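Down below is the structure, laid out as structure tokens.
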Amino acid sequence: MRISVSQINEWLKCQRSWEFSRARKTFAPPSKSLIIGSAYHAALEENFKQKILTGVDLPVEKVKMAYIASVSETFDKWTDSETLFCSIPDSDNTADFCVIAGYRMIEKYMEEVAPGIEPAEVETSKWLDLGNHQLLCRIDLITTSGTVIDHKTSSRMKTLPDNSIQPAAYCLAVGSMDFQYHLITTAAKTAVSIQPIEITPFSLSWFVKLANSVADQMEKGICVPNPNGWWCSRTYCDYYDLCRTDPRKF
Ligand code: SF4
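Take 120 as the starting number for the sequence shown in our numbering and just add one per residue.
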């Protein structure tokens, strides 16, 4: 079976949510934080892709233009979509917030972090052979010295867990033992944090066992709902109404 890291994460949180989003191809409109995160990734991709060729960063204003283009594309897509089962709420305020927060984040990252990065590969996809299954890894950035970097956006500063599956999966796919999260906050006082994650041979083999077990379960197609957590609410689950209030779906 072919799976991705995000599918494993979703499966571990709620299998029925995974079923809605993957097996049934039911897609929900993006949240405000997802719009910001996607556009931020697109803007940094624009910068680092050309930096592989030129060796220098783009002017900040050009990176901001790439960010705005991505935000606009998302809004156009969901505004015009006839398959949308609900719309992006509060779209005017959401658009303003996305632009202001994104500009702050780009200025911060381009000033404090980007100049020290020598990119080798940007937004690259690699298939990892798990033995029984194949895992798709979508990697934000690999530097010329082999460091794997994943960009994260968040409303607040926090320490990201060093035992999550993403670092192990990506390091296995690249053949590296060097992983960093680059976390930036969307808050008014934007802050950026570089968080190296310790990778060990045991954490890699532990991950392979986990990923194969999840894929084995997915193949069986039994998707058990998990309501025991903060994610099972109208605020955090895009499929709440489909799952909890529409009996025709089951
Ligand atoms: S409503 Fe709860 S149980 Fe249903 S898909 Fe969402 S998180 Fe899972």
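Cβ atoms here follow ideal geometry from the backbone N, Cα and C, with glycine treated the same way.
In this text, all values refer to a predicted model and were calculated from it rather than measured experimentally.
_I'd like the list of long-range same chain contacts for serine 274, defined as Cβ closer than 8 Å, with 5 residues on each side in sequence excluded._
Only Ser152, Thr304, Thr305, Ala306 meet the Cβ criterion.
*Rounded to whole angstroms, what's the CA-CA distance from methionine 74 to glutamate 242? Just pull it up for me.*
Missing from the structure shown is residue 74; the chain here goes from 120 to 369 and no further.
*Note down, one range per segment and in chain order, each alpha helix (DSSP H) of at least 4 residues found wholly within the stretch 175-203.*
179-199
*Distance, glycine 348 Cα to threonine 202 Cα*: At threonine 202, the pLDDT of 42 sits below 50, so the modelled position is not reliable; the number obtained from the coordinates is stated separately. Cα-Cα distance, rounded: 29 Å.
_Quick test of the definition: if touching needs 3 or more C-beta pairs under 8 Å, does the stretch 215-231 touch the stretch 252-261?_
no
*Would a C-beta distance cut-off of 9 Å place arginine 121 and cysteine 342 closer than the cut-off?*
no
*What span of residues does the alpha helix (DSSP H) with proline 286 cover, start to end?*
284-293
*Which ranges would you report for the alpha helix (DSSP H) in the stretch 208-243 if only whole runs of at least 4 residues count?*
210-231
_Straight-line Cα distance separating cysteine 362 from threonine 262_ = 42 Å
*Using the beta-carbon count (16 or more within 10 Å), is aspartate 357 buried or exposed?*
It is buried - the Cβ of aspartate 357 has at least 16 other Cβ atoms within 10 Å.
_Suppose the cutoff is 8 Å on Cβ atoms and the five residues either side in sequence are ignored; what does the same chain contact list for leucine 323 look like?_
Ala287, Cys290, Leu291
*the ligand SF4 heavy atom lying under 8 Å from the CB of tyrosine 228*: No; taking the cut-off as 8 Å, the Cβ of tyrosine 228 has no heavy atom of the ligand SF4 nearer than that.
*Within 7 Å of the ligand SF4: residues by beta-carbon to any heavy atom*: Cys133, Arg135, Ser136, Phe139, Pro344, Asn345, Pro346, Trp350, Cys351, Cys356, Tyr358, Tyr359, Cys362, Arg363
*So what's proline 173 in DSSP terms, helix, strand or just coil?*
The sequence as given places threonine at residue 173; proline does not occur at that position. Helix, per DSSP.
*When burial is assigned at 16 or more other CB atoms within 10 Å of the CB, is serine 206 buried or exposed?*
Note that serine 206 has pLDDT 45, beneath the 50 cutoff, so the model's placement of it is unreliable and the number below is only indicative. Per the 10 Å Cβ criterion, exposed.
_Beta-bridge partners of cysteine 356, as assigned by DSSP_ = Answer is none; cysteine 356 lacks a bridge partner.
*Check whether the Cβ atoms of valine 182 and alanine 214 sit closer than 9 Å, and answer yes or no.*
no
_Comparing C-alpha positions only, which one of Ile236, Val311, Pro315, Leu172 sits nearest to threonine 272?_
Proximity to threonine 272 across Ile236, Val311, Pro315, Leu172 peaks at Val311, based on C-alpha coordinates.
_Where serine 332 sits in the DSSP three-state scheme_ = Reduced to three states, the DSSP call for serine 332 is helix.
*Return the first residue and the last residue of the alpha helix (DSSP H) that valine 124 is part of.*
124-132
_Same chain only: Cβ atoms within 7 Å of glutamine 285, ignoring 5 sequence neighbours per side_ = Val124, Asp269
*asked:* If the criterion is Cβ atoms closer than 9 Å, does the pair alanine 188 and glutamate 164 meet it?
replied: no
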